[in-house]
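To convert, note that position 40 of the sequence shown is 45 in the working numbering; the numbers rise steadily by one, no gaps. See below for the structure under consideration.
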Amino acid sequence: MKPLKEYDIQFVGLKLGKHHFDYQIDKKFFEHFEYDDFNDVDVKVDLLFEKKNTLLELHFEVAGTVNINCDTSNEPYDQEIEGEFDLVVKFGDEYNDENEDILIVPHGEYEINVAQNIYELIILSMPIKRIHPGIEDGTLESEVLKKLEELSPKGLEDKEQTEDIDPRWNTLKKLLTDK
Numbered sequence: 006m007k008p009l010k011e012y013d014i015q016f017v018g019l020k021l022g023k024h025h026f027d028y029q030i031d032k033k034f035f036e037h038f039e040y041d042d043f044n045d046v047d048v049k050v051d052l053l054f055e056k057k058n059t060l061l062e063l064h065f066e067v068a069g070t071v072n073i074n075c076d077t078s079n080e081p082y083d084q085e086i087e088g089e090f091d092l093v094v095k096f097g098d099e100y101n102d103e104n105e106d107i108l109i110v111p112h113g114e115y116e117i118n119v120a121q122n123i124y125e126l127i128i129l130s131m132p133i134k135r136i137h138p139g140i141e142d143g144t145l146e147s148e149v150l151k152k153l154e155e156l157s158p159k160g161l162e163d164k165e166q167t168e169d170i171d172p173r174w175n176t177l178k179k180l181l182t183d184k
């Protein structure tokens, strides 16, 4: 991960207290992780880094837009994202990142790289189902949507509403009211 050197934070030279780091994330950032689901990325990361005597506290906040393709129509659109994440860095005998909220680094370390944390936070801030806003409000005109409408089964809703109730249920309901 040498190309992401700008995400290294050398905490040994920092004074105790709070420090602020800003990062502007673009599509090139995701190319290092070989992640190509995004068409374009414009995300700002604010990192509040607090150095204490025995540990480090990091608070990440991301906000911005990611251009992705809709799951339904495959039309590109800008998805607004927001997210935040807290990470505690402790010092121990060996590196351990098994817990998602606590990172343990060896006592001799002098820097940490936050690129992986930023990458995961942006990915997890994305909605699970990516729907173009034009589909939700009905303003998107697309060949894919027309074809989906044409091929969708007709009359399922009407059939369910007009379907008669099984007469056996009516007989059972009488048992409740005959008491």
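Glycine is no exception: its CB is placed at the ideal position from the N, C-alpha and C atoms. Model, not experiment: these values are computed from the prediction.
*With DSSP as the reference, label Lys151 as helix, strand or coil.*
For Lys151, the secondary structure class from DSSP, reduced to helix, strand or coil, is helix.
_Looking at the secondary structure, which residues open and close the beta strand (DSSP E) in which Glu89 lies?_
81-97
_Terminal residues of the beta strand (DSSP E) in which Asp76 lies_ = Under the DSSP assignment, Asp76 falls outside any beta strand (DSSP E); it carries neither an H nor an E label.
*Taking just the CA atoms, how far does Cys75 sit from Glu141?*
11 Å
*Nearest-angstrom Cα separation, counted from Gly88 out to Val48*: 11 Å
*asked:* According to DSSP, is Thr167 part of a helix, a strand, or is it coil?
replied: Caution applies to Thr167, whose pLDDT of 48 falls short of 50 and renders its modelled position unreliable; the value that the coordinates give is listed next. Thr167 falls in the helix class under three-state DSSP.
*From the DSSP output, read off the bridge partner residues of Thr70.*
Note: Thr70 sits in a beta bridge opposite Asp47, Glu85.
*If you pair each beta-carbon of the region 125-145 with each one of the region 71-86, do three or more pairs fall below 8 Å?*
In this structure the region 125-145 lies against the region 71-86, because at least three pairs of beta carbons, one per stretch, are closer than 8 Å.
_Quick check on DSSP: helix, strand or coil for Asn58?_
coil
*Rounded to the nearest angstrom, how far is the Cβ of Ile117 from that of Val94, given a contact under 8 Å?*
6 Å
*Reduced DSSP category for Phe38 - H, G, I as helix; E, B as strand; rest coil*: Three-state DSSP puts Phe38 in coil, outside helix and strand.
*Burial state of Gln84, where buried means 16 or more other Cβ atoms lie within 10 Å*: Buried is the label assigned to Gln84, since at least 16 other Cβ atoms lie within 10 Å of its Cβ.
*Beta-carbon spacing of Phe12, Val119 below 7 Å*: The sequence as given places Tyr at residue 12; Phe does not occur at that position. In this structure, Tyr12 lies near Val119, with their beta-carbon atoms less than 7 Å apart.
*Are Val50 and Asp31 touching if we call contact CB-CB under 7 Å?*
no
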